[in-house]
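Each residue of the sequence shown is one higher than the last, beginning at 3 in the numbering used here.
Encoded as C-alpha coordinates, the structure appears first; notes follow it.
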Amino acid sequence: MNLAYTPQPLAGTMGYIAPECLETGKSSKESGVYSFSVVALEICCERRPVVANEEEPNKVRLVGWVWELYGNGFLEAVDKRLGMEFDVMQIECLMIIGLWCCHPDPNRRPAIKQVMNVLNFEAPLPIDLPKELPKPMYFVPPQNSALDSYSSSVVMGSSTASSTSANFSKPLLKCADC
(Lines of atoms letter the chains of each structure in order from A; the text may use other names.)
(Lines give C-alpha, C1' and ligand atoms only; values in the text may rest on other atoms or scores of the structure.)
Protein backbone atom coordinates (compact mmCIF):
# COMPACT_ATOMS: atom_id res chain seq x y z
CA MET A 3 0.00 0.00 0.00
CA ASN A 4 1.49 3.34 -1.09
CA LEU A 5 0.84 6.08 1.51
CA ALA A 6 2.80 8.83 -0.26
CA TYR A 7 1.01 12.18 -0.33
CA THR A 8 0.10 13.47 -3.75
CA PRO A 9 -1.22 17.06 -3.76
CA GLN A 10 -4.57 17.43 -5.44
CA PRO A 11 -5.71 20.30 -7.63
CA LEU A 12 -7.33 23.18 -5.77
CA ALA A 13 -11.04 22.72 -5.21
CA GLY A 14 -13.56 25.23 -3.98
CA THR A 15 -16.58 27.31 -4.85
CA MET A 16 -16.16 30.20 -7.27
CA GLY A 17 -16.31 33.50 -5.45
CA TYR A 18 -14.86 32.10 -2.23
CA ILE A 19 -11.48 31.14 -3.68
CA ALA A 20 -8.75 33.74 -3.15
CA PRO A 21 -7.31 35.17 -6.39
CA GLU A 22 -3.79 33.93 -5.64
CA CYS A 23 -5.09 30.35 -5.32
CA LEU A 24 -6.24 30.49 -8.92
CA GLU A 25 -2.67 31.40 -9.88
CA THR A 26 -0.70 29.08 -7.61
CA GLY A 27 -3.15 26.23 -7.13
CA LYS A 28 -2.34 26.29 -3.41
CA SER A 29 -4.32 27.33 -0.37
CA SER A 30 -2.90 29.11 2.67
CA LYS A 31 -3.94 30.82 5.90
CA GLU A 32 -4.36 34.00 3.87
CA SER A 33 -6.66 32.30 1.38
CA GLY A 34 -8.74 31.03 4.31
CA VAL A 35 -9.04 34.60 5.56
CA TYR A 36 -10.18 35.63 2.07
CA SER A 37 -12.91 32.98 2.10
CA PHE A 38 -14.01 34.17 5.55
CA SER A 39 -14.28 37.71 4.19
CA VAL A 40 -16.61 36.64 1.41
CA VAL A 41 -18.87 34.92 3.95
CA ALA A 42 -18.86 38.07 6.13
CA LEU A 43 -19.90 40.23 3.17
CA GLU A 44 -22.48 37.66 2.12
CA ILE A 45 -24.05 37.83 5.61
CA CYS A 46 -24.26 41.64 5.48
CA CYS A 47 -25.56 41.92 1.93
CA GLU A 48 -27.57 38.70 1.63
CA ARG A 49 -26.04 38.13 -1.80
CA ARG A 50 -24.05 35.29 -3.25
CA PRO A 51 -20.40 36.05 -4.06
CA VAL A 52 -20.91 35.75 -7.82
CA VAL A 53 -24.23 36.66 -9.43
CA ALA A 54 -25.10 36.74 -13.12
CA ASN A 55 -26.72 40.16 -13.46
CA GLU A 56 -26.89 41.51 -17.00
CA GLU A 57 -28.94 44.56 -15.95
CA GLU A 58 -26.40 45.68 -13.34
CA PRO A 59 -22.98 44.29 -14.38
CA ASN A 60 -21.20 46.17 -11.55
CA LYS A 61 -23.03 43.91 -9.07
CA VAL A 62 -21.72 40.65 -10.56
CA ARG A 63 -18.91 40.12 -8.01
CA LEU A 64 -19.87 40.81 -4.38
CA VAL A 65 -16.36 41.83 -3.27
CA GLY A 66 -15.92 44.33 -6.11
CA TRP A 67 -19.42 45.74 -5.66
CA VAL A 68 -19.06 46.33 -1.90
CA TRP A 69 -15.58 47.82 -2.39
CA GLU A 70 -17.03 50.15 -5.04
CA LEU A 71 -19.56 51.39 -2.47
CA TYR A 72 -16.97 51.68 0.33
CA GLY A 73 -16.36 55.29 1.21
CA ASN A 74 -19.51 56.35 -0.65
CA GLY A 75 -22.23 55.04 1.63
CA PHE A 76 -21.66 51.32 1.45
CA LEU A 77 -24.55 50.72 3.83
CA GLU A 78 -26.71 50.61 0.71
CA ALA A 79 -25.20 47.15 0.15
CA VAL A 80 -26.80 45.89 3.37
CA ASP A 81 -29.65 43.42 2.93
CA LYS A 82 -32.75 45.54 2.17
CA ARG A 83 -34.99 43.15 4.11
CA LEU A 84 -33.35 44.37 7.32
CA GLY A 85 -34.76 47.84 6.76
CA MET A 86 -32.79 49.93 9.24
CA GLU A 87 -33.25 47.40 12.04
CA PHE A 88 -29.58 46.69 12.65
CA ASP A 89 -26.74 48.16 14.66
CA VAL A 90 -24.94 50.41 12.16
CA MET A 91 -21.63 50.16 14.04
CA GLN A 92 -21.73 46.35 13.99
CA ILE A 93 -22.65 46.05 10.32
CA GLU A 94 -20.02 48.62 9.28
CA CYS A 95 -17.46 46.75 11.37
CA LEU A 96 -18.29 43.44 9.68
CA MET A 97 -18.26 44.97 6.20
CA ILE A 98 -14.92 46.74 6.75
CA ILE A 99 -13.46 43.51 8.11
CA GLY A 100 -14.83 41.76 5.02
CA LEU A 101 -13.00 44.19 2.74
CA TRP A 102 -9.83 44.07 4.85
CA CYS A 103 -9.75 40.28 4.67
CA CYS A 104 -10.27 40.12 0.90
CA HIS A 105 -7.45 42.48 -0.02
CA PRO A 106 -6.02 41.32 -3.37
CA ASP A 107 -2.51 41.20 -1.87
CA PRO A 108 -2.53 38.23 0.53
CA ASN A 109 0.29 39.84 2.54
CA ARG A 110 -2.02 42.75 3.38
CA ARG A 111 -4.74 40.50 4.85
CA PRO A 112 -4.95 40.25 8.63
CA ALA A 113 -4.41 37.12 10.67
CA ILE A 114 -7.65 35.59 11.89
CA LYS A 115 -6.67 36.50 15.48
CA GLN A 116 -6.58 40.19 14.47
CA VAL A 117 -10.00 39.77 12.87
CA MET A 118 -11.44 38.26 16.05
CA ASN A 119 -10.05 41.11 18.14
CA VAL A 120 -11.70 43.69 15.88
CA LEU A 121 -14.99 41.75 15.77
CA ASN A 122 -15.02 41.73 19.58
CA PHE A 123 -14.26 45.48 19.60
CA GLU A 124 -10.97 44.74 21.40
CA ALA A 125 -8.94 46.35 18.61
CA PRO A 126 -9.64 49.25 16.23
CA LEU A 127 -10.78 48.87 12.65
CA PRO A 128 -8.01 49.20 10.07
CA ILE A 129 -7.44 52.82 9.08
CA ASP A 130 -5.26 52.16 6.03
CA LEU A 131 -7.89 50.33 3.98
CA PRO A 132 -7.85 51.72 0.41
CA LYS A 133 -11.04 53.49 -0.68
CA GLU A 134 -10.99 51.55 -3.96
CA LEU A 135 -10.35 47.89 -4.65
CA PRO A 136 -6.60 47.68 -5.35
CA LYS A 137 -5.87 46.42 -8.83
CA PRO A 138 -4.02 43.11 -8.85
CA MET A 139 -0.84 43.08 -10.92
CA TYR A 140 0.51 39.81 -12.25
CA PHE A 141 4.16 39.18 -12.84
CA VAL A 142 6.40 36.37 -13.98
CA PRO A 143 9.08 35.41 -11.44
CA PRO A 144 12.73 35.24 -12.55
CA GLN A 145 13.51 32.24 -14.73
CA ASN A 146 15.79 30.68 -12.15
CA SER A 147 12.93 30.36 -9.63
CA ALA A 148 12.52 26.93 -8.17
CA LEU A 149 9.48 25.06 -9.39
CA ASP A 150 7.29 22.83 -7.32
CA SER A 151 6.08 19.88 -9.33
CA TYR A 152 3.32 17.55 -8.49
CA SER A 153 1.38 14.93 -10.30
CA SER A 154 -2.13 13.70 -9.86
CA SER A 155 -3.92 10.63 -11.08
CA VAL A 156 -7.57 10.00 -11.71
CA VAL A 157 -8.81 6.43 -11.87
CA MET A 158 -11.97 5.90 -13.90
CA GLY A 159 -13.07 2.32 -14.23
CA SER A 160 -10.06 0.40 -15.46
CA SER A 161 -8.13 3.33 -16.98
CA THR A 162 -5.92 5.91 -15.28
CA ALA A 163 -5.25 9.46 -16.45
CA SER A 164 -2.19 11.26 -15.13
CA SER A 165 -0.98 14.82 -15.36
CA THR A 166 1.97 16.80 -14.11
CA SER A 167 1.76 20.45 -13.18
CA ALA A 168 4.29 23.04 -12.14
CA ASN A 169 3.66 25.92 -9.80
CA PHE A 170 6.02 28.74 -8.98
CA SER A 171 7.19 28.67 -5.39
CA LYS A 172 6.77 32.45 -5.13
CA PRO A 173 3.42 34.23 -5.33
CA LEU A 174 2.33 35.35 -8.79
CA LEU A 175 -0.07 38.04 -7.59
CA LYS A 176 0.89 41.42 -6.24
CA CYS A 177 -1.15 44.51 -5.74
CA ALA A 178 -0.26 47.43 -8.01
CA ASP A 179 -1.48 50.01 -5.48
CA CYS A 180 0.39 48.57 -2.48
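No residue lacks a Cβ here, since even glycine has one placed at the ideal position from N, Cα and C.
Query, Result
"Contact under 8 Å by Cβ, Pro112 with Val35", "yes"
"Close beta carbons around Tyr18, own chain, < 7 Å, minus the five adjacent residues each side", "Ser37, Val40 and Pro51"
"Delimiting residues of the alpha helix (DSSP H) encompassing Met97", "Val90 to Cys103"
"Bridge partner(s) assigned by DSSP for Arg63", "Val52"
"Member of Gly14, Glu134, Gly73 and Gly27 whose CA lies at the smallest distance from the CA of His105", "Glu134"
"Contact under 8 Å by Cβ, Ile99 with Ala20", "no"
"Residues near Ile114 in its chain [Cβ-Cβ closer than 8 Å; skip 5 each side]", "Lys31, Gly34, Val35 and Phe38"
"CA-to-CA distance, Val80 to Arg110, given in whole angstroms", "25 Å"
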